[in-house]
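Numbering (the working numbering), first residue to last: 502 to 822. All residues carry an ideal CB built from backbone N, CA and C; glycine is no exception. In this text, all values refer to a predicted model and were calculated from it rather than measured experimentally. One structure is given here, and the rest of the page talks about it.
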């Protein structure tokens, strides 16, 4: 074959009847391997499902079941009473005051923690000396057990040898029985809880400030936004996700407050400083009415779930103008 014929054959391409290579069939092993791989990934959810079932779902269902009985918490005998325990809640003359206290602890602590936490975050986001040490000192109380924190503040507000009354005596003023007044006691509990966990809000807001887009802040400064105007119109809207997270966490913690109340006042004088959490313990152990305590627990669960859902949805739709 001459060179000219070879060139023409190459230009003509392969013969029309030349068979194209058939595609390789997919291996069944590959498909089964992929399915096994997906099943193996799903197995990682198993520990979480077990933990949720054992520590959340089962106690919740068990508590609802107990709330429909007259169990005393000690004997094996349980009699089904239906909704009698829930009807008793409406007849309980202490429940109204305790419910109001619960919302005061939740909302009051949340408001104080947002104001102080945001102010501290703005301060520590500036160039000041020792801000790492200051941040650690402010956050440190959150690492302390609430019982220990309650004991510390008990010795501050104690009537006889309390540090605050000793200062009043030194100034020539009379001692104050802080825990004999229900309003003082509630305010002290809110203050102690706020001081302990203000560091959590501070860290949330500080992380939000430090992850802001610096180009947006620089553009705002170029447009003449400084100081309060920059904070209100630029930084605060960008902190909306941090605000939502901090409010929801603080609100849940305040609504289920227990340890500090139990250590500082024990719920007294009378039932005037109880929250729903501490009242559940009193009803269960002191009154030996586990069924009624379970009903109050179910009500507390519903309140926290509804309030948290409503606040979360409301803040998620919040538009900063």
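#1: Taking three-plus beta-carbon pairs below 8 Å as touching, is the region 665–679 in contact with the region 592–602?
#2: Would you call the CB atoms of residue 749 and residue 812 closer than 8 Å?
#3: Once DSSP output is grouped into helix, strand and coil, what is the label at residue 570?
#4: If you follow the alpha helix (DSSP H) that residue 587 is part of, which residue opens it and which one closes it?
#5: To the nearest angstrom, report how far apart residue 807 and residue 640 are at their CA atoms.
#6: Which whole runs of the alpha helix (DSSP H) in the region 637–667 are 4 residues long or more, in chain order?
#7: Give me the DSSP bridge partner(s) of residue 581.
#8: Please list, in chain order, all residues of the same chain as residue 678 whose beta carbon is under 6 Å from its beta carbon, the five residues on each side excluded.
#9: Given a threshold of 16 other Cβ atoms within 10 Å of its Cβ, counted over all protein chains shown, does residue 576 qualify as buried or as exposed?
#10: Decide if the region 618–626 is in contact with the region 704–713; the criterion is three or more beta carbon pairs, one per stretch, under 8 Å apart.
#11: Closer than 7 Å by C-beta to residue 583: which residues in its own chain qualify, once you throw out the five before and the five after it? Chain order, please.
#12: Could you say which of 791, 816, 810 and 804 lies nearest to residue 586 if we only look at CA atoms?
#13: Please report the Cβ distance between residue 803 and residue 784, rounded to the nearest whole angstrom; I am assuming they are in contact, meaning their Cβ atoms lie under 8 Å.
#14: Using the C-alpha atoms, what's the distance from residue 615 back to residue 733?
#15: Excluding five sequence neighbours on each side, which residues of the same chain lie with their C-beta closer than 6 Å to the C-beta of residue 618?
#16: Alpha carbon to alpha carbon, how far is residue 760 from residue 685? Give it in angstroms, no decimals.
#17: For the 8 Å Cβ check, are there 3 or more pairs between the region 650–657 and the region 554–566?
#18: State the Cα-Cα distance for the pair residue 822 and residue 544, rounded to the nearest angstrom.
#19: Pick helix, strand or coil for residue 761, following the three-state DSSP scheme.
#20: Under a Cβ-count criterion, where at least 16 other Cβ atoms within 10 Å of its own Cβ denotes burial, should residue 766 be classed as buried or exposed?
#21: What do you get for residue 794, buried or exposed, if any count of 16 or more other CB atoms within 10 angstroms of its CB means buried?
#22: Shortest alpha-carbon distance to residue 754 belongs to which of 608, 763 and 782?
#23: Using the Cβ count rule (16 or more neighbours within 10 Å means buried), how would you classify residue 715?
Walking through what the data contain:
#1: no
#2: yes
#3: strand
#4: 585–592
#5: 29 Å
#6: 647–658
#7: 570
#8: 660
#9: exposed
#10: yes
#11: 569
#12: 791
#13: Not really, about 17 Å apart at Cβ, beyond 8 Å.
#14: 15 Å
#15: 699, 702, 703 and 706
#16: 18 Å
#17: no
#18: At residue 822, the pLDDT of 45 sits below 50, so the modelled position is not reliable; the number obtained from the coordinates is stated separately. Cα-Cα distance, rounded: 46 Å.
#19: helix
#20: buried
#21: buried
#22: 608
#23: exposed
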